[in-house]
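Asker: Residue numbers (the numbering used here): 4 to 521. Don't be surprised by glycine CBs; every beta carbon is placed ideally from N, CA and C. First the structure, which I've put down as structure tokens, then a few questions once you've had a look.
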RNA sequence: GGCUCCUUAGCUCAGUUGGUUAGAGCACGGGAAUCAUAAUCCCGGUGUCCCCAGUUCGAGUCUGGGAGGAGCCA
């Protein structure tokens, strides 16, 4: 038995101070769909998400709430842990940067970077914004209403002057460029890759990676007046999760380096430039792929605090259904692009693609079998050219979808699946089994068998995106639990004639809520 | 200010190395069918392919300029 090939995929860790909205759910959902696909495809998957709990802002929020920072984090990180059951995520763990193991990992990688001569003590003077967690140049600042200095994003900025440890990022330019060159798909989409390339090709400055002005974070080893810069701390979670610093650990040896770091486009630079440089400096392999996805707007408008138009994932799931929500977010826009959420688009997708095309296909076929074949999987006769014209594309579908998932083109993998759904609906019409019932019952049985077998393929392949509905479809085809992976998409997994099927029930209802409610 | 990407049917987008009448889905109109969640199937039109100029026998596809949009950096 060949050992399953490992696959490690991560979401960013989310900032505990935020309230989860569809943007967070979207990132994790994309990873979930890919992780489920890989598991069904026989890969040994590690899928991680978590929360980023350090930094001055968190400490300030905790103080405002009148509790200590850890108690505060315990409370608010729950909001993100709750996304897993709500969205049916299949993450293999949930990491928090306040865990003891994470402190150890951060200090270990720091020490490794010190040992390779890439960290040095100097002093930092400049404008810093607590809210943005970022430093700014004098020329980037804007004047606030009372003449105070503000960051370009309108956050208060203060002049800070303090000792700081620096990372020799400037020394890593060529090695980073070589790393990008090794794989044309290193950073996707390509437009994002170009951005990173132009950033790194420009003048790379050394990076300040510690602060002395607050203490809610990971202390620098050997100099605990210094707290690690929050990004240094946060990025290291990807290592912590697989057992670092124990590089002999089975988990670390199996899963590192990560196959995909999924990130929002706003944090690409940290992942595509700083992080690989940190890792290489510490003698560790950099990630194989960084994918930056886009943002959702809502009814054409940006989500923002001032508009208060954040959509809590819970609201979408409640209103449209869980699998419907999952499908919409993965299908509506090319993965990587920005996209717009609208009630109309949501209802269109859920009614056209799910209810009318896929759901109704299963329902019409299963009903005919239920009524005309005594509720048993029918016995096929000799297959015709028409049958092959449907069966062959269904059997080739898994390869087509895999090729697309490999480059995170989730929307295209779904489009391929729906192509076959369309073929199947056309086949139903041209074969007209309801007419065959009177003229040629044996041929009717063959047609219904072919359809049931194609639906088996479709349901198995739809599991990553609509796990519950696909499972119900497979239940209705009496497909055993252990026959639902992609390995069953062969002749050996074919439906057995004579198997009793339960009475069919629709799995994708049409939208039944209020008509105009946007 | 520098750089990157985008601008194609009402909407969302495909358009490979330049080559005959520019495509898909949704929406819309007509027809067929009646197994099914009134779902399905067939047929149909619309496009100054952002604008201008150039290269070419020939450009949505290449070059230059311009307009609008998004983003990265200073």
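Return helix, strand or coil for residue 343, following the three-state DSSP convention.
Answerer: The residue given as residue 343 occupies position 340 in the first chain. Residue state, collapsed to three classes: strand.
Asker: Would you call the CB atoms of residue 165 and residue 215 closer than 7 Å?
Answerer: In the first chain, the residue the question calls residue 165 occupies position 162. In the first chain, the residue the question calls residue 215 occupies position 212. Their beta carbons are under 7 Å apart, which means residue 165 touches residue 215 by this criterion.
Asker: Taking the continuous beta strand (DSSP E) assigned at residue 266, which residues delimit it?
Answerer: Translated into positions along the first chain, residue 266 becomes position 263. Counting along the chain, the beta strand (DSSP E) containing residue 266 begins and ends at 263 to 267.
Asker: What residues in its chain sit with their C-beta under 6 Å from that of residue 110, if we drop five residues either side in the sequence?
Answerer: For this step, residue 110 is matched to residue 107 along the first chain. Counting only Cβ-Cβ distances below 6 Å, and skipping sequence neighbours, we find 224.
Asker: Buried or exposed: residue 162, going by 16 or more other Cβ atoms within 10 Å of its Cβ?
Answerer: Taking the first residue of the first chain as position 1, residue 162 is located at position 159. Residue 162 should be labelled exposed.
Asker: Please state the DSSP three-state secondary structure of residue 488.
Answerer: Within the first chain, residue 488 is the residue found at index 485, counting from 1. If DSSP states are grouped into helix, strand and coil, residue 488 belongs with coil.
Asker: Can you tell me which of the three DSSP states residue 509 falls into?
Answerer: As a working mapping, residue 509 is identified with position 506 in the first chain. Three-state result, residue 509: coil.
Asker: Which of the three DSSP states is assigned to residue 287 in this structure?
Answerer: Indexing the first chain from 1 puts residue 287 at position 284. Here residue 287 sits in coil by DSSP.
Asker: According to DSSP, is residue 521 helix, strand or coil?
Answerer: Sequence index remark: in the first chain, residue 521 carries index 518 (1-based). Unreliable positioning characterises residue 521 in this predicted model, as indicated by a pLDDT of 35, which lies under 50. The coordinate reading is nonetheless provided below. Coil, per DSSP.
Asker: Just list the alpha helix (DSSP H) runs in the segment 381 to 455, keeping only unbroken ones of 4 residues or longer that don't cross its boundaries, in chain order.
Answerer: Fully enclosed alpha helix (DSSP H) runs of 4 or longer: 388 to 408, 413 to 434 and 436 to 442.
Asker: Which residue or residues does DSSP assign as beta-bridge partners of residue 44?
Answerer: Taking the first chain and counting its residues from 1, one reaches residue 44 at position 41. Paired residue(s): none; residue 44 is not in a bridge.
Asker: Using three-state DSSP, classify residue 2 as helix, strand or coil.
Answerer: In this structure the chain extends from 4 to 521, so residue 2 is not present and cannot be described.
Asker: Name the one or two DSSP bridge partners that residue 1 has.
Answerer: The structure shown does not extend to residue 1, since the chain is modelled only from 4 to 521, so the question has no answer here.
Asker: Under the assumption that residue 219 contacts residue 273 (Cβ atoms under 8 Å), give the Cβ distance between them as a whole number of angstroms.
Answerer: Counted from its first residue, the first chain places residue 219 at position 216. Counted from its first residue, the first chain places residue 273 at position 270. At roughly 20 Å, the Cβ-Cβ gap does not stay under 8 Å, so residue 219 and residue 273 are not in contact.
Asker: Three or more C-beta pairs under 8 Å: does that hold for the segment 238 to 250 against the segment 174 to 192?
Answerer: As far as the Cβ criterion goes, the segment 238 to 250 does not touch the segment 174 to 192, which means the pair count is below three.
Asker: On the CB-based measure, 16 or more other CB atoms within 10 Å of its CB, does residue 132 come out buried or exposed?
Answerer: Counting from 1 along the first chain, the entry for residue 132 is found at position 129. Buried, since its Cβ has 16 or more Cβ neighbours within 10 Å.
Asker: In terms of alpha-carbon separation, which member of 35, 472 and 43 lies closest to residue 52?
Answerer: Translated into positions along the first chain, residue 52 becomes position 49. Closest option to residue 52, Cα to Cα, is 35.
Asker: Under 8 Å, with one C-beta from each stretch per pair, do the segment 405 to 413 and the segment 317 to 329 reach the 3-pair mark?
Answerer: No, they do not touch.
Asker: Within this structure, are the beta carbons of residue 263 and residue 313 separated by less than 7 Å?
Answerer: If you number the first chain from 1, residue 263 lands on position 260. If you number the first chain from 1, residue 313 lands on position 310. Not closer than 7 Å, so no.
Asker: What does a CB cutoff of less than 7 Å around residue 237 pick up in its chain, not counting 5 residues either side in sequence?
Answerer: Along the first chain, one-based indexing puts residue 237 at 234. Contacts found: 16, 55 and 100.
Asker: When DSSP builds the beta bridges, which residues end up paired with residue 129?
Answerer: Numbered from its first residue, the first chain carries residue 129 at position 126. DSSP output for residue 129 lists 163 as bridge partner(s).
Asker: Note down the Cα distance separating residue 521 from residue 95, rounded to an integer number of angstroms.
Answerer: Indexing the first chain from 1 puts residue 521 at position 518. Indexing the first chain from 1 puts residue 95 at position 92. Only weak support exists for where residue 521 lies, its pLDDT of 35 falling under 50; the value from the coordinates is given anyway. Going by the C-alpha atoms only, they are around 36 Å apart.
Asker: Less than 7 Å separating the beta-carbons of residue 168 and residue 122?
Answerer: Numbered from its first residue, the first chain carries residue 168 at position 165. Numbered from its first residue, the first chain carries residue 122 at position 119. Cβ atoms of residue 168 and residue 122: closer than 7 Å.
Asker: Can you list, in chain order, the residues of its chain whose CB lies under 6 Å from that of residue 257, leaving out five sequence neighbours each side?
Answerer: In the first chain, the residue the question calls residue 257 occupies position 254. Excluding sequence neighbours, residue 257 sits near 9.
Asker: Between the alpha carbons of residue 212 and residue 228, how many angstroms are there, rounded?
Answerer: Taking the first residue of the first chain as position 1, residue 212 is located at position 209. Taking the first residue of the first chain as position 1, residue 228 is located at position 225. Taking the straight line from one Cα to the other gives about 13 Å.
Asker: In the structure shown, what three-state DSSP assignment does residue 107 receive?
Answerer: The sequence position of residue 107 within the first chain is 104, counting from 1. In the structure shown, residue 107 sits in a helix (DSSP, three-state: H, G or I).
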